[in-house]
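Only one structure is covered here, and it is reproduced in the block below.
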Amino acid sequence: MQFESLGPLGLFVSAFISSTIAPGGSEAVLAYLVNSQQHSVSQLVTIASIGNTLGALTTWWLGRWTANRYPAAETNLAKQHQKSLNTVRRWGSWALLFSWLPLVGDGLCFAGGWLRLSMLSSLLAIFLGKVLRYIAVAYAFV
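For the sequence shown, the working numbering gives the first residue as 22, with consecutive numbering after it.
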């Protein structure tokens, strides 16, 4: 499916999928739509940021659900997963500003939910990180 042919809806779907466990290319879709000049850059950045944030919150909720079955204090993790958990333990919700990073971001969101970080502070940090990233991508292609 070509997300860019669906315009803003395709951007939203691509951004949502890109922020879950599945890989995606929302930056490419955003760049294509910015270059097409059919929609305002601020509208596209907002749509991408909301979709990507909702995808990250899905991963956060999966972490929260997992915490009910496997409390973080009682679970032995692989070294790579322990690193994300320790980062979020140390920095709290601030670590979720980096949820936009490839590979690492999903682990940070999952760890945030697993550690039962505040939903509101997690949402704000995730959204801010996503907005800043999409602004940078969009204005690189204006």
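We put the CB at the ideal spot given by N, CA and C, even for glycine.
The segment 105 to 116 and the segment 56 to 70 do not touch, with fewer than 3 CB-CB distances between them shorter than 8 Å. C-alpha of Leu106 to C-alpha of Arg137: approximately 12 Å in a straight line. Excluding the 5 residues flanking it on each side, Leu51 has same chain C-beta neighbours closer than 7 Å at Leu32, Leu65, Ala69, Tyr155, Val158, Ala159, in chain order.
The three-state reading of DSSP puts Arg111 in helix, counting H, G and I together. For Phe162, same chain residues with a beta-carbon under 6 Å away, outside a window of 5 residues either side, are Ala52, Val55, Asn56 in chain order. Where Tyr155 is concerned, the enclosing alpha helix (DSSP H) starts and stops at 140 to 161. DSSP, reduced to helix, strand and coil, places Thr80 within a helical segment of the structure shown. With a beta-carbon spacing of about 5 Å, Ala77 and Ser120 fall inside the 8 Å limit used to define contacts.
Nearest neighbour of Gly150 by Cα position, chosen from Leu83, Ser40, Pro29, turns out to be Ser40. Annotation for Gly126: Ser120 place their beta carbon closer than 6 Å to its own, counting only its chain and skipping 5 residues before and after. Gly84 is not a Cβ neighbour of Gly46, given a cutoff of 8 Å. Rounded to whole angstroms, the separation of the alpha carbons of Ile38 and Leu122 is 14 Å.
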